[in-house]
Amino acid sequence: MTAVALSSSPSPVASILVVTYGGWEWCRRALEAVARNTDVPHEVIVVDNASPDGTGERLRDEVRGATVILNPRNVGFGPAVNQAAAVARGRFLALLNPDAEVQPGWLPLLVEALRRRRDVGAVVGRLLNVDGSLQEAGSLLWSDGSTLALGVGADPSDPAYRFSFSSDYGSAACLLIRRSTFLDEGGFDAAYLPAYCEDVDLALRLRERGLRVLYEPRAAAVHARFASSGEDGAARLIERNRQVLRSRWAGALAGRIAPPDEDHPHRTVAGRDADALDRIVVAAPSTPMATLLELARRFPEDRVTWLATGGRPDAEAIDELAEAGVEVAVPERAAAWLDERLFHFSAVVLLGAGAAAVVVDELEAAQPQAEVVYAFDGPPRDASLRRAEVTALRRAASVVCANEAERRFASELCPGEVRVDADADLPSVLVAELRRLGFAGDLAAPPAGTAPRP
Amino acid sequence: MSRPVDAAATRAPVRVGIWGLFDVEDFGAAAILRVLRHELARRIPGLELRTFSPLGYDHATRWDGGEPSEPFGPWSPERVGELAEALDAVVVAGEVVVDDAGLAPAYGLPPEDLVARAPSRFLVEGLGPELEADCPVAYFAAGLPDPGPHAPRLAAALSPRSIVSVGDEAARDRLAAAGVAAPVEVVPHPAALLPAAIRPDVLDRRLEYLRAMGWYPRGEAVVVVGPAGRVDAAPAVAEGLAPLLADRPGAVVVCAGLAPGDDAFADALARALGDRAHRPGALTLEDVAAALQGSAGVVTSSVAVAAAAAGFERPAILLDLDADPRLEEAAHAADAVVRSARDVAAALEKVAAAGSAGEVAAGLAAPLHAELDRLAAMAVDAGASRGAARGSVAPDADLEELRRRLAALASAHRTRGRLLVAQRWRFADRVRDSEARERRTRDELERRIADLEGERARLEAEVAGKDRELATLLDTRTFRYTAGLRRLWGRLRGAGRR
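Line by line, the protein sequences give chains A and B. Residues in the first sequence are numbered from 1 upward in steps of one, following our numbering. Residues in the second sequence are numbered from 1001 upward in steps of one, following our numbering.
See the structure below:
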């Protein structure tokens, strides 16, 4: 059998930590993926927890370039990770499950995300199922200690899972954390032996220090999940450790949202956006790139969403917006989409009558709390659009016009502020209007470092 | 004990460099750096700290805690100038080398490579007297070997400095002999302040981890960090511990190796002790601290470990098998040093029984804090004058007040935002609860209506059946033929009632 050849840098930037308990074939594939797809100076440390199927011996005999530690007994996942971290030399620790195959470019993206943002304590990548569907696009934690992986079974190209946001915790299947942070926190807690929920516990400890876990969708790994331990065994362990989590974190959990159910589906998005103090949705038929990027820049701690009322945008636009942390939504029925997000948004920006026609009737029922900002995009082409525009103007707290004629028309209908922006610097004007309406954005961001998207 | 220095004297952050051998596998160096980072940050608000070592991140070690130093780079006047420009003050801490070639084994490099880099020129000469007039360099708990032919370097470099502290009297004597004119303080090993630099919950977590690994007992533990390179002494040390283990049936000796040379001794000791020993694997700084804090006592040949144990108020003795004067000096009391392995148990019991661990810890901490206060003041003063030179102005009171208010407003905005977010999802919950109740009520009503309609249909069918039965009865010949008699009977009954 050909040895798995890993590179071991004398000055690693990242230490890749893998803990095995059986599953040699999966582990082999995972290590081969690391060798193939990791282009940051790194070292690999594998701790085998006395695998019953000879995985330890295979690691010893068939893997080159890694530090292999063979435990005489199964010490559990958390302690084994701690054990690996104690010999690590990289500035970052990349925790990787032995059944997770990293995809090209994974590590530089995770490292970049962590380096750029000082109040991010850890970064988690996107996990894919073996069949290519989405397994986990970030994870949420509820008030009862249960968790929810976002995007289960979804199409990984779905823009809903392509943007970066603050995840409640990051699965240790593919997680990057600064070694100093991990050690400062004392590593994984042995209370969660033999495995599961220690990553949730770590995330809660990071949060206590004001550090977030960031979901970085561009860094991906294909994860077989439970390939080593089996699904039934995992379920039992998860439930047992959930009890431990609940008892240790009762106070922190009490302030969280209750888990979603068929009567409360809105809780999923509410949970995902819990850290976003303001949620701004921009309804527009075509890509308002400059507006969205400017909003993302000026409201870095808030949720900026583009509700694409004109159909699915092109992939390049989605990529660029996702990288800026903008959510792109292309629902089949915008009214239902808004209803599912009952009372969620702080502001709704309508770019033109076409956008207004799609959403304005639903606003009163589903988003009565939202401040509406309407921007003219020229005279409506037909009566139904005119009707939607009138409804929007009557609802708006602020209207942006391009000329005096629009201003006169709007002034008769709009109870709020109407202004003319003949210079057409719409992004800046919209930012100014949102600020005037009380959305502070980056003016209220924490002063140190660059805040991540929520 | 320590006081925050008034850093409001300058608006610019105070930039301090810590220089030392922090890129080698050494618990003592790692402990010094951890303590310095913690203590200087406590004293100097807005501190910007950078650490430098001969190879720095090009020779990352597991002891650097994930925050490797920057490399000095090869010595040159230009490099020295760069560092002097980038820093306001420098603290050289821990072991100081005068012979660059002698560092080669620690880095696994050829001696000529280290000679070319000349790290000793940074650690000894610092920035040079001219640049140090603006960017002062201090020595803190420096360890100095016999300088030999390098004595004049030390004299020239250290004499003008205002703050020089070393780790033992022998080092001070060497400096005096070398002609260093500056006053030299002797301070304990800074590892004595390690307890304050690591959170208690972290120590608890690491101790539980050590136990989960089977490396630390649930009962009593005696931690031994033995003399590197003295594998031969392991059996004697095991024998020396035997009386203590006999008196404490549940106690276990934790044989720790903190540096490459220690591991052989730890392995040998663990073999000699058999099932009364635990032999941990690789330990982090936090693990060592947790092990010391959780112990019933510590036996060590490491000054740093002894100081840390004393800081945690654990009984500790120094095992000095090779007549090392530094160990003699580091002991807080004469009976805390043993020169023979057979005296280990008695000495440890005696130190434990003395009950003076708290006093010992305080006695070690006081001079360290005093020296750290001096360092912080030096750095702040240098930062203030260099900040002014860089063009930063003394803080404007009104501007500072505005900054404070802006920060308070931003914080209030975020708090209010979180409240609104929580209110919104709770309100959404209430609306959805109402909708769900309405749905369930409607479903229930529809079910009941359906049930009632079913009942009605059944009753109607029953009535229809009865009607059909009656009609059939009325149509019989008997009924028809007796109609007249029944009418007569009816009339007779009616008359009788009247």
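Think of the CB as a built atom: it goes at the ideal place given N, C-alpha and C, for glycine as much as any other residue. All of these numbers come straight from a predicted model, not from anything done at the bench.
Test: residue i CB closer than 8 Å to a CB of chain A
i, result
"A1196/B", "no"
"F1427/B", "yes"
"E1446/B", "no"
"P1243/B", "no"
"H1278/B", "no"
"R1200/B", "Before going on, a small fix: residue 1200/B reads as Pro here, not Arg. Not closer than 8 Å to any Cβ of chain A, the Cβ of P1200/B fails to qualify, so no."
"Y1107/B", "no"
"A1436/B", "yes"
"A1060/B", "yes"
"P1077/B", "no"
"D1322/B", "no"
"D1433/B", "yes"
"P1149/B", "no"
"P1190/B", "no"
"D1247/B", "no"
Own chain, CB closer than 8 Å to residue i, minus 5 neighbours either side, in chain order
i, result
"F158/A", "Phe is not the amino acid found at residue 158/A; the sequence shown has Asp there. Only L134 and G151 meet the Cβ criterion."
"H344/A", "H266, V269, A270, D273, R279 and Q367"
"R73/A", "N49 and A50"
"L1127/B", "V1080, L1083, A1084, V1090, C1135 and V1137"
"E1048/B", "P1013, V1014, R1015 and V1016"
"G1281/B", "M1213 and W1215"
"A1352/B", "A1296, G1297 and P1315"
Cβ neighbours of residue i in the same chain (closer than 7 Å, five flanking residues each side left out)
i, result
"E1328/B", "D1320 and V1337"
"P1188/B", "A1307, L1364, P1367 and L1368"
"D1287/B", "R1206 and L1210"
"V82/A", "In the sequence on display, residue 82/A carries Asn and not Val. Taken in chain order, the residues that qualify are G187 and F188."
"Y215/A", "V124, A137, G138, S164, F165 and S167"
"S1159/B", "V1180, A1181 and A1182"
"R1174/B", "L1144, D1146 and P1147"
Close-in-space but distant-in-sequence residues of the same chain around residue i (CB under 6 Å, 5 per side omitted)
i, result
"E1095/B", "L1021 and G1143"
"A357/A", "L385 and A388"
"V429/A", "V400 and D421"
"P1325/B", "A1170"
"E185/A", "R205"
Within chain B, the residues that residue i reaches when beta carbons sit closer than 8 Å
i, result
"I257/A", "W1425"
"G299/A", "Correcting the residue identity first, residue 299/A is Phe in this sequence and not Gly. Going along chain B, no residue has its Cβ under 8 Å from F299/A, so there is no contact; the nearest lies around 12 Å."
"G76/A", "A1212"
Within-8 Å CB hit, residue i to chain B
i, result
"H264/A", "yes"
"D119/A", "no"
"T450/A", "Unreliable positioning characterises T450/A in this predicted model, as indicated by a pLDDT of 40, which lies under 50. The coordinate reading is nonetheless provided below. So no, T450/A is outside the interface."
"R453/A", "No answer about R453/A holds up, because its pLDDT of 44 lies below 50 and its placement is not dependable."
"G125/A", "no"
"S180/A", "yes"
"L17/A", "no"
"F343/A", "yes"
Proximal chain A residues relative to residue i, where beta-carbon distance stays under 8 Å
i, result
"D1443/B", "Neighbours of D1443/B on chain A: none; closest Cβ ~13 Å, over 8 Å."
"L1372/B", "What L1372/B touches in chain A: nothing, since even the nearest Cβ is about 21 Å away."
"R1418/B", "L277"
Residue i: contacting residues in chain A (beta-carbon distance under 9 Å)
i, result
"T1472/B", "Result: empty, since nearest Cβ-Cβ is about 55 Å, beyond 9 Å."
"Y1216/B", "Near Y1216/B there are no residues of chain A at all, since even the closest Cβ is about 11 Å away, more than 9 Å."
Where residue i meets chain B, residues with beta-carbon distance less than 7 Å
i, result
"A440/A", "H1413"
"Q367/A", "Per Cβ cutoff of 7 Å: no residues; Q367/A is ~10 Å from chain B at best."
"N82/A", "Y1209"
"R89/A", "A1060, T1061 and R1062"
Beta-carbon neighbours of residue i, restricted to chain A and to distances below 7 Å
i, result
"Y1057/B", "S11"
"T1284/B", "A86 and L183"
"V1421/B", "A274 and L277"
Contacts that residue i makes with chain B (C-beta to C-beta distance below 9 Å)
i, result
"D189/A", "R1205, E1208 and Y1209"
Using Cβ-Cβ distances below 8 Å, what residues of the stretch 1297 to 1318 of chain B are close to chain A?
Taking 8 Å as the Cβ-Cβ cut-off against chain A, none of the residues of the stretch 1297 to 1318 of chain B qualify.
The stretch 1205 to 1231 of chain B: positions lying closer than 7 Å to chain A by Cβ
Those residues of the stretch 1205 to 1231 of chain B placed with their C-beta closer than 7 Å to a C-beta in chain A are R1205, R1206, E1208, Y1209, A1212 and M1213, ordered along the chain.
With 7 Å as the limit, tell me which residues of the stretch 389 to 419 of chain A have their beta carbon closer than that to any beta carbon of chain B; keep them in chain order.
Under the 7 Å Cβ criterion, the stretch 389 to 419 of chain A contributes no residue.
Would you list, in chain order, the members of the stretch 263 to 292 of chain A that have their beta-carbon closer than 9 Å to a beta-carbon of chain B?
Answer set for the stretch 263 to 292 of chain A: D263, H264, P265, H266, R267, A270, G271, D273, A274, D275, A276, L277, D278 and R279.
Threshold first: 4 residues or longer. Then list the alpha helix (DSSP H) segments lying entirely within the stretch 1123 to 1192 of chain B, N to C.
DSSP runs (the alpha helix (DSSP H)) wholly in the stretch 1123 to 1192 of chain B: 1128 to 1132, 1151 to 1158 and 1169 to 1178.
Check distances from the C-beta atoms of the stretch 1066 to 1092 of chain B to those of chain A and list, in chain order, the residues that come in under 7 Å.
Under the 7 Å Cβ criterion, the stretch 1066 to 1092 of chain B contributes G1066, E1067 and P1068.
Residue ranges of each alpha helix (DSSP H) run of no fewer than 4 residues wholly in the stretch 314 to 380 of chain A, ordered along the chain?
Runs of the alpha helix (DSSP H) spanning 4 or more residues and lying entirely within the stretch 314 to 380 of chain A occur at 315 to 323, 334 to 340 and 353 to 366, in chain order.
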